[in-house]
Amino acid sequence: MNDPFLAYVWSSVQLRIERLRDDTERSRGASAIEWAIITGLLAMIALGVGVVIYRKVRSAANDIKTK
45 MNDPFLAYVW SSVQLRIERL RDDTERSRGA SAIEWAIITG LLAMIALGVG
95 VVIYRKVRSA ANDIKTK
């Protein structure tokens, strides 16, 4: 281990192993996936509410009697 290049490679490998074992790196990815799922669910709920409102307004508009 007297060679500086080997010492650098060894420390780089150890750093990468520590990063792989660290849970915070993995939780960031999971958090991004969770946010994507939550956003998708909220978009579907908003679309459903919009459809319900549209149908109610259209039904009320069709019930208006004109001459």
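Numbering (this note's numbering), first residue to last: 45 to 111. The C-beta atom is built at its ideal place from N, Cα and C for all residues, glycine as well. No experiment lies behind these values; they were computed from the predicted model shown.
Within the model, the alpha-carbon separation for Arg-102 versus Gly-94 is close to 12 Å.
It is roughly 44 Å from the alpha-carbon of Ala-51 to the alpha-carbon of Ile-81.
Judged by DSSP in its simplified three-state form, Lys-111 adopts coil rather than helix or strand.
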